[in-house]
Amino acid sequence: MIQTRLTERFQIKHPVVCAPMGFVAGGALAAAVSAAGGLGIVGGGYAGTAAGEPDLERELNVAKSGTFGVGFIAWALESAPGMLTRALQHSPSCVFLSFGDPRIFAREIHAAGAALICQIQSLSQIGMALEAGAAAVVAQGTEAGGHGGARSTLAFVPEVADHLKRHSPETLLLAAGGIGDGRGLAAALMLGADGVVVGTRFWASSEALTPKSHTDKAVKATGDSTIRTKALDALRGMPWPKEYSFRFLRNRLMDEWDGRDEEAFRGFGVLAARYAQARAENDLETVAVVCGEIVGLVEDRPPASQIVHSIVTQAAGLLRNGAALKFS
Ligand SMILES: Cc1cc2nc3c(=O)[nH]c(=O)nc-3n(C[C@H](O)[C@H](O)[C@H](O)COP(=O)(O)O)c2cc1C
Numbered sequence: 015m016i017q018t019r020l021t022e023r024f025q026i027k028h029p030v031v032c033a034p035m036g037f038v039a040g041g042a043l044a045a046a047v048s049a050a051g052g053l054g055i056v057g058g059g060y061a062g063t064a065a066g067e068p069d070l071e072r073e074l075n076v077a078k079s080g081t082f083g084v085g086f087i088a089w090a091l092e093s094a095p096g097m098l099t100r101a102l103q104h105s106p107s108c109v110f111l112s113f114g115d116p117r118i119f120a121r122e123i124h125a126a127g128a129a130l131i132c133q134i135q136s137l138s139q140i141g142m143a144l145e146a147g148a149a150a151v152v153a154q155g156t157e158a159g160g161h162g163g164a165r166s167t168l169a170f171v172p173e174v175a176d177h178l179k180r181h182s183p184e185t186l187l188l189a190a191g192g193i194g195d196g197r198g199l200a201a202a203l204m205l206g207a208d209g210v211v212v213g214t215r216f217w218a219s220s221e222a223l224t225p226k227s228h229t230d231k232a233v234k235a236t237g238d239s240t241i242r243t244k245a246l247d248a249l250r251g252m253p254w255p256k257e258y259s260f261r262f263l264r265n266r267l268m269d270e271w272d273g274r275d276e277e278a279f280r281g282f283g284v285l286a287a288r289y290a291q292a293r294a295e296n297d298l299e300t301v302a303v304v305c306g307e308i309v310g311l312v313e314d315r316p317p318a319s320q321i322v323h324s325i326v327t328q329a330a331g332l333l334r335n336g337a338a339l340k341f342s
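Numbering (this note's numbering), first residue to last: 15 to 342.
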């Protein structure tokens, strides 16, 4: 229904990409999104370097029923580069890298015939993505769930669009952060994107690996309920580069630590054991329920195919009929 350079180049029906959410986007979700005409990307997360990550080989085998990609957190992949090699043996159509330098991995990805997608959080990172030969750049706004930066989608996407137009017109642009329905897709296309990367909305889909208790909490939340902070990674001892912060639902632990990032860095890892214990006990007043501001629009946990369908149908209607304005 909506054809863009993304649908043409990636040979997909709809310009909707499922974000490679670590611990969440397994093979079943990626396969469901691709079967519905979007592009599903398996979340390789920390490349097996973090406790409790799903087995990537198993998830890739499930995803392989159709077109699929794989994504990694680039700074973590540096300590486990063999994971990329193993993932490429499954012939993903693309590799999605975020949060680090994609140039280190670019040659291997290109040699395997996969398209490179680089997610960026600030304009200063776009040079690395273009040097790495990215087929698509994802401009991720701060509204996004999970890790991210400080730029907002509405201003960041058109700025990246203009930059690409001037310096690399062949490179596709995807928008991410706060896009969960057809209004978001239509708006992103208006801002100059060729498609969207959707995380939180698919996080609450029936195929996602998200624990039910997390989405049960999320459906009661509003967009006001999320927090973006650096404190949690420091407290639980995850060595995230300092430019990235983490968005998730505010809870009791964050009521305590909000605004105390520097103190948290000084006590790096001090809550690692407590956090692991809370995860085992599913204590959501300590453990992060990871979703973005668009959680305010999430009221259910439908199949991913339904989400893809409703996003594109609504966007097509809006684009066809225009916004609810009266022109004289
Ligand atoms: C639960 C969750 C986990 C995420 N994990 C990753 C990840 O492992 N790697 C990554 O590049 N992005 C990750 N992201 C961010 C997404 O790539 C994407 O930018 C974001 O979800 C888009 O914003 P939205 O959540 O508002 O749709 C994650 C997002 C969520 C919600």
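For every residue, glycine included, the Cβ atom is placed at its ideal position computed from N, Cα and C.
Can you list, in chain order, the residues of its chain with a C-beta nearer than 7 Å to that of N75? Leave out the 5 residues immediately preceding and following it.
For the purposes of this step, residue 75 is taken as residue 61 along the sequence shown, with counting starting at 1. Same-chain partners within the cutoff: G41.
Using 10 angstroms around the beta-carbon of P183, count the other beta-carbons present and answer buried if the total reaches 16, otherwise exposed.
Taking the first residue of the sequence shown as 1, we reach residue 183 at position 169. When all chains shown are included, P183 counts as exposed.
Can you tell me which of Q154, E299 and A94 puts its alpha carbon nearest to the alpha carbon of L187?
Counting from one through the sequence shown, the residue named residue 187 turns up at place 173. Comparing Cα positions, the closest option is Q154.
Which residue comes first and which comes last in the beta strand (DSSP E) that contains R375?
The structure shown has nothing for residue 375, since the chain only spans 15 to 342.
Of the residues G162, A44, I87 and G51, the one placed nearest F262, counting alpha carbons only:
Taking the first residue of the sequence shown as 1, we reach residue 262 at position 248. The shortest C-alpha separation from F262 is found at G162.
Taking the runs of the alpha helix (DSSP H) that are 4 residues or longer, which of them lie wholly in the region 206–249?
214–217 and 226–233
Starting from I321 and walking both ways along the alpha helix (DSSP H), at which residues does that stretch end?
Residue mapping note: residue 321 aligns to position 307 of the sequence shown, counting from 1. Start and end: A318 to N335.
Within 10 angstroms of its Cβ, does L199 collect 16 or more other Cβ (buried), or is it exposed?
Along the sequence shown, one-based indexing puts residue 199 at 185. Classification for L199: buried.
Give the straight-line distance between the Cα atoms of L20 and D208, rounded to the nearest whole angstrom.
Here residue 20 corresponds to residue number 6 of the sequence shown, with the count starting at 1. Here residue 208 corresponds to residue number 194 of the sequence shown, with the count starting at 1. If I take the Cα positions, the gap works out to 6 Å.
Give every residue of the same chain whose Cβ lies closer than 8 Å to the Cβ of V233, excluding the five residues on either side of it in the sequence, and list them in chain order.
Residue numbering aside, residue 233 sits at position 219 when the sequence shown is read from its first letter. Result list for V233: A218, V312, E313, D314 and R315, in chain order.
Other residues of its chain near L102: CB distance less than 6 Å, five sequence neighbours each side excluded
In the sequence shown, the residue the question calls residue 102 occupies position 88. Answer for L102: A126, listed in chain order.
Alpha helix (DSSP H) containing Q154: first to last residue?
Along the sequence shown, read from residue 1 onward, the residue named residue 154 stands at position 140. Counting along the chain, Q154 falls outside any alpha helix (DSSP H), though it belongs to the beta strand (DSSP E) covering A150 to Q154.
So, does the region 315–328 touch the region 277–290, judging by three or more C-beta pairs under 8 Å?
no
Which complete alpha helix (DSSP H) runs does the region 80–125 hold, if anything under 4 residues is left out?
88–91, 96–102 and 117–125
Which class does I55 belong to by DSSP, given the choice of helix, strand or coil?
Along the sequence shown, one-based indexing puts residue 55 at 41. Here I55 sits in strand by DSSP.
Nearest-angstrom beta carbon gap, V212 and P29 [assumed within contact, 8 Å]:
Counted from its first residue, the sequence shown places residue 29 at position 15. Counted from its first residue, the sequence shown places residue 212 at position 198. Actually they are not in contact, since the Cβ atoms of P29 and V212 sit about 11 Å apart, beyond 8 Å.
Neighbourhood of A70 by C-beta distance below 6 Å, restricted to the same chain and skipping five residues each side
Translated into positions along the sequence shown, residue 70 becomes position 56. Here residue 70 is Leu; the residue named in the question, Ala, does not match the sequence. Cβ neighbours of L70 beyond the five flanking positions: G58.
What is the residue span of the beta strand (DSSP E) that I134 lies within?
Counted from its first residue, the sequence shown places residue 134 at position 120. Bounds of the beta strand (DSSP E) holding I134 are A129 to I134.
Could you round the C-beta distance between I55 and C32 to whole angstroms and report it? I think they count as a contact, below 8 Å.
Counted from its first residue, the sequence shown places residue 55 at position 41. Counted from its first residue, the sequence shown places residue 32 at position 18. The pair is a contact, with the Cβ atoms about 6 Å apart (cut-off 8 Å).
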